[in-house]
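Chemist:
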Amino acid sequence: MARIWQALPQARLVGGCVRDLLCGRDVHDLDLASPVPPAEAQRRLEEVGARVIPTGLEHGTITAVIDHHPYEITTLRRDVSTDGRHATVAWTDDWEEDAQRRDFTINAMSLDQDGQLHDYFGGLDDLRAGKVRFVGQAARRIEEDALRCLRFFRFFARYDRGEPDGETCQAIIRLRERMTRLSVERVAMELLKILSGPQLLRTLELMEETGTLAVLLPHHAPLSGLERLLACGDPAEPLHRLAVLYPPGGGDGQGMADVGAHLKLSNESRNMLAAFARPGPELAVTLDDDDIRRVLFQQDRSILLLRSWLVQAQELGRPDEGWDELRHRLETVEQPVFPLAGRDLIALGVKPGPEMGRWLKQTQHWWLTQGCRPDAGACRDWVSHQLSPS
1 MARIWQALPQ ARLVGGCVRD LLCGRDVHDL DLASPVPPAE AQRRLEEVGA RVIPTGLEHG
61 TITAVIDHHP YEITTLRRDV STDGRHATVA WTDDWEEDAQ RRDFTINAMS LDQDGQLHDY
121 FGGLDDLRAG KVRFVGQAAR RIEEDALRCL RFFRFFARYD RGEPDGETCQ AIIRLRERMT
181 RLSVERVAME LLKILSGPQL LRTLELMEET GTLAVLLPHH APLSGLERLL ACGDPAEPLH
241 RLAVLYPPGG GDGQGMADVG AHLKLSNESR NMLAAFARPG PELAVTLDDD DIRRVLFQQD
301 RSILLLRSWL VQAQELGRPD EGWDELRHRL ETVEQPVFPL AGRDLIALGV KPGPEMGRWL
361 KQTQHWWLTQ GCRPDAGACR DWVSHQLSPS
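So in full-length UniProt numbering, spot 369 of the sequence shown is number 369, and the numbers just go up one at a time.
In structure tokens, the structure reads:
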């Protein structure tokens, strides 16, 4: 920071890092703003030995890398025009004008190198009161970028401790359909952050009351299933929470595939959602060690662990030590590997082709009945015995 301030003495910390510093939360990224235009800022930073990456020059943003740490630095801006998705900006040297562009009062504060806080819109008071409030008129800010509807819910979950801002809720109700014009990728990113965040049930109930959830996830399931899952103390993983929120459809997992496609999730995420929806190996606290090895062979460990929360929620809807013990065993038991290969069968006289496939399948079935314990030699002995039972 000393080297950045050497190059850009008027630069200030801005946004989330200031907010989290003030409320005592961990700060992971330090973002700054400066009245210096981006090309001039790049030149000054390079003079003090920083490596500068022009990450978003059209928006006035560069990234200074110092001692392998990135610092995003943006030139002060004002909006020239906006269409609800994108803004055309011009540079300014007016800090308050730049702060007016920010979404919430708690995100509009800045901190200079002398430690002086600059708070033009009462962000510190709102932070202390646990209030998430837009800078200026909520409707106007949402009209500038409809994604701010979702950002409100994300910040509401993390920082709001009282009743939601009434003006904001009314603006969201009136303008919620504008979210359908946003890129699905932006929407999905915000939605997954909400699903992995705190106060999830309270937040989704508010999203339901404002009609936002129906816009984002048409035909979503009742929130009672999610309430049961949260009552079990589940990990904050967004995909299995999404699986509870959305009806699974048919036994082939098509319903979850639909929502994965709708949100344009990665293929890995879509496959996981489909795996949650399809019938998988039975999970129960009564499984013995042989059963644990069998289910680990039949389904990926990470999916089994998340599915265990879904099954627990369906059966109990509350914490239970038996399920915690089951998950510990699922995490610690060694992954079983079927030890027999085609070359083993060839050595026993089995011809390549359909016959070999049948013997591999039969041997694997026997190996599973034995709790995945037999090694390659035992499997060969079993096949040899079946080939010549006399």
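Built from N, CA and C at the ideal position, the CB exists for glycine as well.
Determine the direct distance from the alpha carbon of residue 109 to that of residue 207, and round the result to whole angstroms.
Modeler: Each residue's alpha carbon lies about 27 angstroms from the other.
Chemist: Cβ of residue 317 within 8 angstroms of Cβ of residue 232?
Modeler: yes
Chemist: Can you tell me whether residue 38 is buried or exposed, with buried defined as 16 or more other CB within 10 angstroms of its CB?
Modeler: buried
Chemist: Tell me, which residues are paired with residue 73 by DSSP?
Modeler: 32, 62
Chemist: At 4 residues or longer, and completely inside the region 232–320: list those alpha helix (DSSP H) runs for me, N to C.
Modeler: 238–245, 254–262, 267–277, 289–298, 301–315
Chemist: Please report the straight-line C-alpha distance between residue 351 and residue 197, rounded to a whole angstrom.
Modeler: 56 angstroms
Chemist: Taking DSSP's pairing of strands, which residues face residue 56 in a bridge?
Modeler: 61
Chemist: Taking residue 64 and residue 106 to be in contact with their CB atoms under 8 angstroms, please state how far apart those CB atoms are, rounded to whole angstroms.
Modeler: Wrong, their Cβ atoms sit about 25 angstroms apart, outside the cutoff.
Chemist: Between residue 298 and residue 240, what straight-line distance do the alpha-carbon atoms span, to the nearest angstrom?
Modeler: 19 angstroms
Chemist: Going by alpha carbons, who is nearest to residue 382 out of 354, 344, 353?
Modeler: Per the Cα distances, 344.
Chemist: So, at 7 angstroms on beta carbons, what are the nonlocal neighbours of residue 23 in its own chain, with the 5 sequence-adjacent residues on each side left out?
Modeler: 127
Chemist: Would you kindly work out how many angstroms separate the C-alpha atoms of residue 259 and residue 217, rounded to a whole number?
Modeler: Approximately 8 angstroms, taken between the alpha carbons.
Chemist: DSSP three-state label for residue 14, please.
Modeler: strand
Chemist: Any idea if residue 204 is buried or exposed, counting beta-carbon neighbours within 10 angstroms, 16 or more meaning buried?
Modeler: buried
Chemist: Let me check understanding here. Comparing Cα to Cα, which of 146, 130, 172, 14 lies closest to residue 158?
Modeler: Looking only at 146, 130, 172, 14, the smallest Cα-Cα distance to residue 158 is reached by 130.
Chemist: Does DSSP classify residue 344 as helix, strand or coil?
Modeler: Residue state, collapsed to three classes: helix.
Chemist: Measure from the alpha carbon of residue 193 to the alpha carbon of each residue in 155, 30, 74, then state which is nearest.
Modeler: 155
Chemist: Mapping the DSSP letters down to three states, classify residue 3 as helix, strand or coil.
Modeler: helix
Chemist: List in chain order: all unbroken alpha helix (DSSP H) runs of 4+ residues lying wholly within the region 159–195.
Modeler: Runs found: 166–175, 184–195.
Chemist: In terms of alpha-carbon separation, which member of 182, 19, 36, 353 lies closest to residue 123?
Modeler: 19
Chemist: If you check the beta carbons only, do residue 226 and residue 213 fall under 8 angstroms apart?
Modeler: no
Chemist: Taking only three categories from DSSP, how would you classify residue 121?
Modeler: coil
Chemist: Return helix, strand or coil for residue 89, following the three-state DSSP convention.
Modeler: Of the three classes helix, strand and coil, the one that applies to residue 89 here is strand, per DSSP.
Chemist: Quick check on residue 15: buried or exposed, where buried means 16 or more other Cβ atoms within 10 Å of its Cβ?
Modeler: buried
Chemist: Using only the alpha-carbon positions, how far apart do residue 150 and residue 359 sit?
Modeler: 55 angstroms
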